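FYI, the UniProt record's numbering numbers position 106 of the sequence shown as 106, with every residue one higher than the one before it. Virtual Cβ for every residue (Gly too), placed ideally from N, Cα, C. Keep in mind the model is a prediction, meaning the values are calculated, not measured.
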Amino acid sequence: MRVTTHQPQTEELAGVREQVREALRAMGVDPEGEVGAAVVIIADELAVNAVTHARTPFSIEVEPRRDKAGRDVVYVGVSDDAWSVRGPETVTDGRPRLGLQMVRGLSVRWGIETRDDGKTVWAEVRR
1 MRVTTHQPQT EELAGVREQV REALRAMGVD PEGEVGAAVV IIADELAVNA VTHARTPFSI
61 EVEPRRDKAG RDVVYVGVSD DAWSVRGPET VTDGRPRLGL QMVRGLSVRW GIETRDDGKT
121 VWAEVRR
């Protein structure tokens, strides 16, 4: 399991992507392959959402798991201190951000777990 903590600043995002790539390599997953690239994209999108919407420190967890059917998956979860979840929005350049739809499309399963002190948005990508 690999957990890293970050500040809610866009300057953190490049480091987030590299740390996710390192975690994938440690699991034996090629970060440039289909599975690894999907995990990096998902982690990046969830981190962008944490920076943009939660605006609180956030942590990212990446680890190998087995789903309920016993298949190998890579789990990626982003936790922050805000429990609200926003839908697709329009950013300043006028293009809609459809991040959670992209997460849904790249993963075999995803969800949102709320806690009294925040939430975790997570996804699983089949290996």
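Under the three-state reduction of DSSP, which class applies to residue i: helix, strand or coil?
{"i": "Val73", "result": "strand"}
{"i": "Ala123", "result": "strand"}
{"i": "Asp44", "result": "helix"}
{"i": "Val78", "result": "strand"}
{"i": "Gly28", "result": "coil"}
{"i": "Gly33", "result": "coil"}
Given a cut-off of 9 Å, decide if residue j and residue i are closer than it, judged by their beta-carbon atoms.
{"i": "residue 165", "j": "Gly36", "result": "Beyond the ends of the chain as shown, which are 1 and 127, falls residue 165; an answer cannot be given."}
{"i": "His53", "j": "Ala82", "result": "yes"}
{"i": "Ile60", "j": "Val48", "result": "no"}
{"i": "Gly111", "j": "Asp80", "result": "no"}
{"i": "Val78", "j": "Ala38", "result": "no"}
{"i": "Val51", "j": "Val20", "result": "no"}
{"i": "Thr5", "j": "Phe58", "result": "yes"}
{"i": "Arg17", "j": "Val40", "result": "yes"}
{"i": "Val121", "j": "Leu100", "result": "yes"}
Only counting the same chain, and skipping five residues up and downstream in sequence, which positions put a Cβ closer than 8 Å to that of residue i?
{"i": "Asp67", "result": "Val73, Val108, Arg109, Glu124 and Arg126"}
{"i": "Gly28", "result": "none"}
List the residues that DSSP assigns as beta-bridge partners of residue i.
{"i": "His6", "result": "Phe58"}
{"i": "Arg65", "result": "Val73"}
{"i": "Trp110", "result": "Ala123"}
{"i": "Arg115", "result": "Gly118"}
Excluding the 5 residues flanking residue i on each side, which residues of the same chain have their C-beta closer than 7 Å to its C-beta?
{"i": "Glu30", "result": "This sequence places Asp at residue 30; Glu is not what is there. So the qualifying residues of the chain are Gly36."}
{"i": "Arg104", "result": "Trp110"}
{"i": "Arg71", "result": "Arg126"}
Could you pull out every residue in the same chain whose Cβ sits closer than 6 Å to the Cβ of residue i, ignoring the five residues on either side in sequence?
{"i": "Arg65", "result": "Val73 and Tyr75"}
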